[in-house]
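Numbering (this note's numbering), first residue to last: 2 to 211.
Below you can see the structure in the form of structure tokens.
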């Protein structure tokens, strides 16, 4: 398994351990070999432009707000909110995105022996396995991050990293952390969309891009 990127975090950034934990959790290469996530670039030549479009449309406009719903549902012990978030995401994704999102969640659950320790997460996994809901990767990722006490801001950054990493693996190109951070303004805008009730200044103690 490849190790997560070395993140040059200063001690003044409030939750560096949570960010590192999120990035370690986001390492999907061992689960997603041969797959891309919902971000599927056509080729490497236009990858930066395609990534920005995905951040603006799919991530900011769809995944991040629903990700937050699932995250908040776990924090509040509201299973129905998590299941409803999964249903909304399923309706909004394309057929290809649905397929890979479900398969990646199945692979990730299989690689996490303690993925059932939370009542809300147990119900989500049980109903996904029974076929009564789709069981998408962003919802599982959000729920699992909440169980691990990873702050929402870092969890969203970790999920974006997972999508970036899988796409680069599929294209057979390097996945430098510095290039990921070069899109910081787009990441910032996307994540702020899902943090409407929280302080969205990147320099806050609640967490920020390093």
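Beta carbons: idealized from backbone N, C-alpha and C, even for Gly.
Distance between residue 174 and residue 167, taken at the CA atoms: about 10 angstroms. Taking a C-beta distance under 7 angstroms as the contact criterion, residue 98 and residue 37 do not qualify as a contact pair. Annotation: the segment 110 to 193 contains the following complete segments of the alpha helix (DSSP H) (minimum length 4 residues), in chain order: 120 to 131, 138 to 148, 153 to 172, 178 to 182.
Counting only runs of at least 4 residues, the segment 30 to 72 fully encloses the following alpha helix (DSSP H) elements, listed from N- to C-terminal order: 48 to 55. Residues 102, 105, 106 of the same chain have their beta carbon placed closer than 6 angstroms to that of residue 138, with the five preceding and five following residues left out of the count. With a cut-off of 8 angstroms on Cβ pairs, the segment 151 to 160 is in contact with the segment 63 to 79, counting three or more such pairs.
Three or more beta-carbon pairs separated by less than 8 angstroms are not found between the segment 79 to 86 and the segment 40 to 60, which leaves the two stretches without contact. Scanning its chain for C-beta atoms nearer than 7 angstroms, with the 5 sequence neighbours on each side dropped, one finds around residue 45 the residues 172, 174, in chain order. Setting aside the 5 residues that flank it on each side, residue 91 is surrounded in the same chain by 99, 135, 137, each with a C-beta closer than 7 angstroms to its C-beta; the list follows chain order.
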